[in-house]
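Have a look at the structure below, then the notes.
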Amino acid sequence: MERIGEPTDKKCFACPVKCGANRAEKAGYCGAQGMRIAKYYLHPFEEPCISFSKGSGTVFFTGCNLKCAFCQNYEVSRAQRGMPVSPARLADIFKELEEAGADNISLVTPSHLICELEKTFKIYRPKIPVVYNSGGYDSVESLKRIDDYIDIYLPDLKFYSPFLSKRYTGREDYFSVASAAVRFMAKKPLRFAEERVTAAAENGAEKKKMLSGLIVRHLVMPLGVSDSFSVLKWFKNELPEDAYLSLMSQYTPFGEIAAFPELSRPVTAREYNAVVNEAFALGIENLFVQKRSSSGEQYIPKWDY
Numbered sequence: 376m377e378r379i380g381e382p383t384d385k386k387c388f389a390c391p392v393k394c395g396a397n398r399a400e401k402a403g404y405c406g407a408q409g410m411r412i413a414k415y416y417l418h419p420f421e422e423p424c425i426s427f428s429k430g431s432g433t434v435f436f437t438g439c440n441l442k443c444a445f446c447q448n449y450e451v452s453r454a455q456r457g458m459p460v461s462p463a464r465l466a467d468i469f470k471e472l473e474e475a476g477a478d479n480i481s482l483v484t485p486s487h488l489i490c491e492l493e494k495t496f497k498i499y500r501p502k503i504p505v506v507y508n509s510g511g512y513d514s515v516e517s518l519k520r521i522d523d524y525i526d527i528y529l530p531d532l533k534f535y536s537p538f539l540s541k542r543y544t545g546r547e548d549y550f551s552v553a554s555a556a557v558r559f560m561a562k563k564p565l566r567f568a569e570e571r572v573t574a575a576a577e578n579g580a581e582k583k584k585m586l587s588g589l590i591v592r593h594l595v596m597p598l599g600v601s602d603s604f605s606v607l608k609w610f611k612n613e614l615p616e617d618a619y620l621s622l623m624s625q626y627t628p629f630g631e632i633a634a635f636p637e638l639s640r641p642v643t644a645r646e647y648n649a650v651v652n653e654a655f656a657l658g659i660e661n662l663f664v665q666k667r668s669s670s671g672e673q674y675i676p677k678w679d680y
């Protein structure tokens with residue numbers, strides 16, 4: 376029997392928007408009709424424990440339940456491109472990435488595709504870790520449907536302020552929804568492989584391979600230091616000590632930001648360093664930081680479909 380609020384083949388309630396669209400016939404709020412992907416490949420530029428040795432087997436899905444004005448993957452999030460795939464074809468893509476040596480399978484922007492992913496995993500469950508890489512605006516009820524298939528959660532926690540989240544994403548309830556989802560994700564136990572690799576490009580530092588756990592990403596925004604501080608305090612006070620935090624400096628002016636003049640520039644070194652220093656001051660030890668050279672359109676993927 377169908378339970379109210381669950382994703383079905385006829386009405387989509389997979390994400391917190393719960394638009395109820397029949398995506399076999401028309402696009403939902405996410406912009407997606409059916410399941411489409413814009414690219415899949417071995418991605419070398421994720422957190423070191425995710426990209427690890429040969430890269431993360433990344434699948435970029437088309438459509439998104441957030442309308443971030445500054446989205447770096449704008450064409451994909453707005454469903455302006457993408458190749459239709461069935462659950463059976465997606466299962467084959469998982470196998471292709473495994474055979475290519477991927478260290479994991481990373482599902483990028485999957486929040487609106489829970490029903491399709493559940494079908495895919497029932498066809499084939501990857502033999503390597505599966506990463507759920509979302510914007511954080513996730514339904515806990517939907518996450519429970521596929522949690523057994525997910526090894527690593529890699530959500531964004533974009534904003535604490537309802538004013539900022541409404542201004543930039545269209546969702547005033549972003550933090551209340553995302554924080555509940557991240558609390559659920561934090562139940563995933565932290566595990567690393569015994570295997571390590573030495574990264575010559577990182578001054579000989581050793582990299583560990585994550586097998587299970589939570590990494591919360593937070594993108595520092597122009598004029599957003601105060602809101603970032605609120606996110607950090609919540610992270611420190613509400614999540615277990617084994618949760619990881621990834622502070623990103625890669626904001627690049629992109630998308631439809633003409634109405635937001637404050638978004639017309641990258642983050643300054645002073646802004647980013649202030650947030651990093653606050654993380655240290657709060658005692659957050661499991662921390663990834665990013666080089667400011669990571670900002671730029673050269674890091675935006677070239678879409679295949």
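Everything in the sequence shown is counted per my numbering, starting at 376 for the first residue and increasing by one.
C-beta: ideal position from N, C-alpha, C; glycine also.
According to the DSSP assignment, E581 belongs to the beta strand (DSSP E) that extends over 580–594. Annotated as distal: P459 and R520, with beta-carbon spacing of 8 angstroms or more. Of the other Cβ atoms in all chains shown, 16 or more fall within 10 Å of the Cβ of D526; this residue is therefore buried. By the C-beta density criterion, R645 is exposed, having fewer than 16 other C-beta atoms within 10 angstroms. DSSP places M623 within a strand segment (E or B) once states are collapsed to three. Fewer than three beta-carbon pairs drawn from the segment 544–558 and the segment 398–407 are found closer than 8 angstroms, and the two stretches are therefore not classed as touching. Leaving aside the five residues that flank V572 on each side, the residues in its chain whose CB is nearer than 6 angstroms to its CB run, in chain order, S428, K582.
In the structure shown, L465 adopts helical secondary structure according to DSSP, grouped into three states. By alpha-carbon distance to A454, the top candidate from P423, A413, A475 is A413.
Taking C-beta separations shorter than 7 angstroms and ignoring five residues to either side along the sequence, the partners of A463 in its chain run I498, following chain order.
Between S621 and V591, the C-beta spacing is below 8 angstroms. In this structure, the alpha-carbon of H593 lies about 11 angstroms from that of Y619. Per the DSSP secondary-structure output, S431 pairs in a beta bridge with H418. Its chain contains L622, V651 as the residues whose beta carbon lies nearer than 7 angstroms to that of V664, once the 5 sequence neighbours on both sides are disregarded; these appear in chain order. Within the DSSP secondary-structure output, S481 pairs in a beta bridge with T433, V506. Apart from sequence neighbours up to five positions away, the residues of its chain that approach E493 with a beta-carbon distance below 6 angstroms are R520, I521, ordered along the chain. Per DSSP, M410 lies in no alpha helix (DSSP H) and is assigned neither H nor E. Distance from the Cα of E653 is smallest, within the candidate group S603, N612, L586, Q447, for S603. The alpha carbon of S551 has as its nearest neighbour, out of S536, T544, V642, the alpha carbon of S536. DSSP places D602 in the uninterrupted alpha helix (DSSP H) bounded by 600–613. By the criterion of at least three beta-carbon pairs nearer than 8 angstroms, the segment 421–435 is in contact with the segment 470–484. Annotation: the segment 516–553 contains no complete segment of the beta strand (DSSP E) (minimum length 3 residues).
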